[in-house]
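Under the working numbering, think of the first position of the sequence shown as 1, with each following residue one higher.
Quick reminder that beta carbons are idealized off the backbone N, C-alpha and C, glycines included.
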Amino acid sequence: MLRLIATDMDGTLLSRDKNISQKNLEAIRIAQEKGVILALASGRGELSLREYAAQLDMYRYGGYLICNNGQRLVSLRDGSVVENAKLDGELVKRIFRFAKHHGIEMILEGDDGLSVYTPNNLIVVRFLYQRFMQILPHFRNDDGKNSWMSFFGIFQERRLHLVSTEQQLAPSYYKIGLAHHKRRLDAIVSKLSVEFGSEVSMSRVSDMWIDLVSHGVSKALGVKQIMDTHDIPVHAVMAIGDSENDLEMITFAGIGVAMKNGMASVREIADEITDSNDNDGVASVILKHL
């Protein structure tokens, strides 16, 4: 019997316009009413996930948020938080030097919000960040719905800093994103793995984005922590996702599900493939196994 569902957000539960479809909402409601625990497992931060959790009625049923690719686990049942390993300041400085040397954008998420380093070859992007910082303090979303801000999930923490030197970096961070055009990331990914592979968990979440968290941190870690708390066997766990940061939890779960729109590497290791995120694939596979 299914007891735990861990689902990724972007490219999985969320449609292309970053909303949860009515069919997905209904399927998840049915599952929670049957006593299945829901965990939202994402590279997004806690605030962004809480907005979606409210839509899914997770505060009533007592689900979990697996934030920052597993760095933080939040219980909506009792408000408890488990902090897993962060990226150490000295390691972050070395990654910063690497990004600066190779002209790669760096997005760092930590206790003080979001910090961004933009190389000179992306000066237009830097200008957009500067403009964004001007409007961010004035933005409010009081209607309980996701607006255009939902397209910028990492910015929903509403604290944004532009950095240009390593002296401006904080002592630690939850997660780092490295971003650029596909060709430039393709050129540095193997060098990145050689230099930092033993110290970070690295995942290519899209052609233009690489996620870095502390070594040993993953969405699967969050899933295991929930299982331990509730004494849930692995065969009663379903994990659903579409990209490399979902690989470990899909491999680990008793029922590992890849989205039809997912990366080839994810589809290859999944137990089954469901429909795409724009065709209610999450609802289909949940209802199939209830």
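Apart from the five residues on each side of it in sequence, which residues of its chain come closer than 6 Å, Cβ to Cβ, to TYR59? Taking the first residue of the sequence shown as 1, we reach residue 59 at position 59. LEU76, listed in sequence order.
- Task: Have a look at GLY11 and ARG72 and give me their C-alpha separation to the nearest angstrom.
- Result: Position 11 of the sequence shown, counting from 1, holds the residue named residue 11. Position 72 of the sequence shown, counting from 1, holds the residue named residue 72. Taking the straight line from one Cα to the other gives about 21 Å.
Is the Cβ-Cβ distance between GLY317 and PRO171 less than 7 Å? Here the chain has residues from 1 to 290 only, and residue 317 is not among them.
Under 8 Å by Cβ, that's how I've got PRO119 and GLU109 pegged, so tell me the actual separation to the nearest angstrom.
-> Start at 1 with the first residue of the sequence shown, and residue 119 comes out as number 119. Start at 1 with the first residue of the sequence shown, and residue 109 comes out as number 109. That pair is no contact at about 19 Å.
Output the distance between the C-alpha atoms of ASP211 and ILE176, rounded to the nearest integer angstrom. For the purposes of this step, residue 211 is taken as the residue at position 211 of the sequence shown. For the purposes of this step, residue 176 is taken as the residue at position 176 of the sequence shown. Taking the straight line from one Cα to the other gives about 6 Å.
Checklist entry - Is LEU162 helix, strand or coil by DSSP? => result Numbered from its first residue, the sequence shown carries residue 162 at position 162. LEU162 falls in the strand class under three-state DSSP.
Quiz item: Should VAL282 be labelled buried (16 or more other beta-carbon atoms within 10 Å of its own) or exposed?
Solution: Along the sequence shown, one-based indexing puts residue 282 at 282. VAL282 should be labelled buried.
Report back the beta-carbon spacing between VAL213 and GLY113 to the nearest angstrom; my notes put them in contact at under 8 Å.
Sequence index remark: in the sequence shown, residue 213 carries index 213 (1-based). Sequence index remark: in the sequence shown, residue 113 carries index 113 (1-based). Incorrect: roughly 17 Å between the Cβ atoms, too far for contact.
Presumed contact (8 Å Cβ cut-off) between TYR64 and ALA99, rounded CB distance: Position 64 of the sequence shown, counted from the start, is the residue given in the question as residue 64. Position 99 of the sequence shown, counted from the start, is the residue given in the question as residue 99. The pair is not a contact, with the Cβ atoms about 32 Å apart (cut-off 8 Å).
Problem - Boundaries of the alpha helix (DSSP H) in which ARG72 is found, first to last residue - result: Counting from one through the sequence shown, the residue named residue 72 turns up at place 72. Counting along the chain, ARG72 falls outside any alpha helix (DSSP H), though it belongs to the beta strand (DSSP E) covering 72-75.
(message) Quick check: what's the CA-CA separation for VAL163 versus VAL116?
(response) Mapped onto the sequence shown, residue 163 falls at position 163. Mapped onto the sequence shown, residue 116 falls at position 116. So the alpha carbons of these two residues sit roughly 6 Å apart.
Residue interval of the alpha helix (DSSP H) (run including MET290): Here the question's residue 290 lines up with position 290 in the sequence shown. Reading off the sequence shown, one finds Leu at residue 290, where the question assumed Met. LEU290 -> no alpha helix (DSSP H), and no H or E assigned at all.
*So what does DSSP say about THR274, is it helix, strand or coil?*
As a working note, residue 274 is residue 274 in the sequence shown. If DSSP states are grouped into helix, strand and coil, THR274 belongs with the strands.
Notebook entry, point to check: Are there 16 or more other CB atoms within 10 angstroms of the CB of LYS182, so buried, or fewer, so exposed?
Noted result: Taking the first residue of the sequence shown as 1, we reach residue 182 at position 182. Per the 10 Å Cβ criterion, exposed.
query: Can ASN277 and SER15 be called in contact, C-beta distance under 7 Å?
result: Counted from its first residue, the sequence shown places residue 277 at position 277. Counted from its first residue, the sequence shown places residue 15 at position 15. Closer than 7 Å, so yes.
| query | Given 8 Å as the limit, is there contact between the region 17-29 and the region 246-265, that is, 3 or more CB pairs closer than that? | reply | no
Item checked: VAL213, enclosing beta strand (DSSP E) - first and last residue -> Mapped onto the sequence shown, residue 213 falls at position 213. Segment 209-214, the beta strand (DSSP E) holding VAL213.
Less than 7 Å between the beta carbons of LYS23 and ASP280, yes or no? Indexing the sequence shown from 1 puts residue 23 at position 23. Indexing the sequence shown from 1 puts residue 280 at position 280. Yes, the Cβ-Cβ distance between LYS23 and ASP280 is below 7 Å.
**Report entry** Other residues of its chain near SER193: CB distance less than 8 Å, five sequence neighbours each side excluded
**Finding:** As a first step, residue 193 must be located in the sequence shown, where it is residue number 193. Excluding residues within five positions, the ones whose Cβ falls inside 8 Å are MET202.
Discussion item. Please confirm whether CYS67 has its beta-carbon closer than 7 Å to some beta-carbon of chain B.
Written reply: Within the model displayed, chain B is absent; a lone protein chain is all it includes.
Might you give, ordered along the chain, the residues of its own chain that have their beta carbon closer than 7 Å to the beta carbon of ARG159, omitting 5 neighbours on each side? By one-based count along the sequence shown, residue 159 stands at place 159. Closer than 7 Å at the Cβ level, and outside the excluded window around ARG159, lie ASP112, GLY113, LEU114.
Closest to ALA264 by CA distance: which of GLY254, ALA85, GLU244 is it? Taking the sequence shown and counting its residues from 1, the one referred to as residue 264 is at position 264. Out of GLY254, ALA85, GLU244, GLU244 has the C-alpha closest to the C-alpha of ALA264.
Which parts of the region 190-257 are runs of the beta strand (DSSP E), unbroken and 3 residues or longer, counting only runs that do not cross its ends? 200-206, 209-214, 237-241
Checklist entry - With which residues is MET259 paired in a DSSP beta bridge? => result Here residue 259 refers to the residue found at position 259 of the sequence shown. DSSP output for MET259 lists THR274 as bridge partner(s).
(message) Which residue wins for smallest C-alpha separation from LEU13, given the options TYR174, ASP246, GLU83?
(response) The count along the sequence shown starts at 1 and reaches residue 13 at position 13. Taking only the C-alpha atoms, the option nearest LEU13 is ASP246.
Exercise for review: Identify which residue in ALA41, LEU87, SER21, ILE20 has its Cα closest to the Cα of SER198.
Suggested key: In the sequence shown, the residue the question calls residue 198 occupies position 198. Nearest C-alpha to SER198: LEU87.
Is LEU2 closer than 7 Å to ILE37 when the C-beta atoms are compared?
Locating residue 37 in the sequence shown gives position 37, counting from the first residue. Locating residue 2 in the sequence shown gives position 2, counting from the first residue. Against a cut-off of 7 Å, the Cβ pair of LEU2 and ILE37 comes out as no contact.
**OP:** Rounded to whole angstroms, what's the CA-CA distance from ALA187 to HIS180? Just pull it up for me.
**Re:** Along the sequence shown, one-based indexing puts residue 187 at 187. Along the sequence shown, one-based indexing puts residue 180 at 180. C-alpha separation (whole angstroms): 11 Å.
| request: Pull up the distance between the alpha-carbon of ASP57 and that of ILE20, whole angstroms please. | output: The residue labelled residue 57 in the question sits at position 57 within the sequence shown. The residue labelled residue 20 in the question sits at position 20 within the sequence shown. Computed Cα separation, rounded: 13 Å.
| message | For CYS67 and GLU46, which I take to be in contact (beta-carbon distance under 8 Å), what is that distance rounded to the nearest angstrom? | response | Residue mapping note: residue 67 aligns to position 67 of the sequence shown, counting from 1. Residue mapping note: residue 46 aligns to position 46 of the sequence shown, counting from 1. Contact flag correct, Cβ pair sits at about 5 Å.
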